[in-house]
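Peer 1: 45 is the number that the UniProt record's numbering gives to position 45 of the sequence shown; each next residue is one higher, with no gaps.
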Amino acid sequence: MDPRFSLNQITTKAWSLPEAVAGCAAAGVGWIGLWRDKVAETGVEETARLLKQHGVRVSSLCRGGFFTGVTPDGSPVDGVARTREAIDEAAALGAGVLVLVVGGIAGNDLAGSRQRVADAVGQLAPYAGERGVRLGLEPLHPMQCAERSVLSTLDQALAIAAGYPAEQVGVIVDEFHVWWDPRIEESIAAAAGRIAGFHVCDVLVPLPDPLLGRALPGDGPIDHRRLRAAVEAAGYTGPIEVEVFNADLWSRPGAEVLAESVAAFERHVA
């Protein structure tokens, strides 16, 4: 198994956090990407204990952000305060990266919404650095601009990250969100030293849903090895997360999904 393989917890959503950590250990997977709702169910201290017990490390914690105050369900949120809490959780769990989904458009003001994101990062970057956590700005596909992220390209994320030390603010390269971009290889090259995470999956064709239209690597059109080569040429040597939002996978046993994820990674990404 490629030692850089990491299971993003959302791929095996049916598993509880203890089941996911134990399942990774049983399968010889040394990395896991955690989600805060699953951590909350188990508790931060117990999660840290389980990780240590099973010898599994955290590749990232998802998620902070929503700095525009706009969330998918429309509920109000103080993104800066919530992200500060998430930074503390990441530090306690030994997660060097906190993934940021920055929030959708506020008040039909796209430019103003992006400025709110930039201002929030400015408030939080020094604190994250003090806690040993790197903020990872993740651009999302333009279809998700209105309700999830006003950052739609890697270039936009880099423009904000560039104002801060690389150890404080980086970017996440998620294949689902950026593979289509005609500038993606140039943008990845420009992100040298800034890449905080690399997430792989494929795109279902036809696309059934802009959120749940993901598949395991090899089941869609993405050239995973080409993107991995670009990310590695830009200096990224960290864990690679398989992150798949897919209702069919979520309905199946976690161990089965993990085994298929590892096999797909070995065939199409490694």
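From the three backbone atoms N, C-alpha and C, an ideal C-beta is built for every residue, glycine too.
I'd like to check one pair, residue 32 with residue 61: are the Cβ atoms closer than 7 Å?
Peer 2: Their beta carbons are not under 7 Å apart, which means residue 61 does not touch residue 32 by this criterion.
Peer 1: Measuring CB to CB, does residue 98 end up less than 7 Å from residue 105?
Peer 2: No, they are not a contact pair.
Peer 1: Determine, using beta carbons only, whether residue 157 and residue 135 come nearer to each other than 7 Å.
Peer 2: Contact: no.
Peer 1: In terms of residue numbering, what span does the beta strand (DSSP E) encompassing residue 200 cover?
Peer 2: It spans 195-200 - the beta strand (DSSP E) in which residue 200 sits, taken as one unbroken run.
Peer 1: Could you tell me how far apart the beta carbons of residue 202 and residue 182 are, in whole angstroms, since I believe they sit closer than 8 Å?
Peer 2: Wrong, their Cβ atoms sit about 19 Å apart, outside the cutoff.
Peer 1: Can you list, in chain order, the residues of its chain whose CB lies under 8 Å from that of residue 240, leaving out five sequence neighbours each side?
Peer 2: Closer than 8 Å at the Cβ level, and outside the excluded window around residue 240, lie 2, 4, 5, 6, 198, 199, 200, 228, 265 and 269.
Peer 1: In this structure, how does DSSP classify residue 27 when only helix, strand and coil are distinguished?
Peer 2: Three-state DSSP puts residue 27 in a helix.
Peer 1: Identify, in the order they occur along the chain, each residue of the same chain with its Cβ nearer than 6 Å to the Cβ of residue 66, setting aside the five sequence neighbours on each side.
Peer 2: Cβ neighbours of residue 66 beyond the five flanking positions: 77, 79 and 103.
Peer 1: What is the residue span of the beta strand (DSSP E) that residue 172 lies within?
Peer 2: 169-174 is the span of the beta strand (DSSP E), which, as asked, contains residue 172.
Peer 1: Since residue 222 is in the alpha helix (DSSP H), which residue starts that stretch and which ends it?
Peer 2: Neither: residue 222 is in no alpha helix (DSSP H) and is coded neither H nor E.
Peer 1: In three-state DSSP terms, what is residue 105?
Peer 2: Residue 105: coil per DSSP, three-state reduction.
Peer 1: Looking only at C-alpha atoms, which of 129, 165 and 64 sits nearest to residue 148?
Peer 2: Out of 129, 165 and 64, 64 has the C-alpha closest to the C-alpha of residue 148.
Peer 1: Per DSSP, which residues does residue 140 bridge with? Please list them.
Peer 2: Beta-bridge pairing links residue 140 to no other residue.
Peer 1: From the DSSP output, in three-state form, read off residue 85 for me.
Peer 2: Helix.
Peer 1: Considering only the alpha carbon of each residue, which of 27, 196 and 117 lies closest to residue 235?
Peer 2: Out of 27, 196 and 117, 196 has the C-alpha closest to the C-alpha of residue 235.
Peer 1: Find out if the Cβ-Cβ distance for the pair residue 92, residue 56 is shorter than 7 Å.
Peer 2: No, the pair does not count as a contact, with Cβ atoms beyond the cut-off.
Peer 1: When DSSP builds the beta bridges, which residues end up paired with residue 65?
Peer 2: Partner(s): 101.
Peer 1: Could you give the first and the last residue of the continuous alpha helix (DSSP H) run that contains residue 243?
Peer 2: Taken as a continuous stretch (DSSP letters only), residue 243 belongs to no alpha helix (DSSP H), as it is neither H nor E.
Peer 1: Residue range of the alpha helix (DSSP H) that residue 7 falls in?
Peer 2: Taken as a continuous stretch (DSSP letters only), residue 7 belongs to no alpha helix (DSSP H), being part of the beta strand (DSSP E) at 5-8.
Peer 1: In whole angstroms, what separates the C-alpha of residue 167 from that of residue 206?
Peer 2: Cα to Cα, residue 167 sits roughly 39 Å from residue 206.
Peer 1: Cα separation between residue 220 and residue 204?
Peer 2: Computed Cα separation, rounded: 6 Å.
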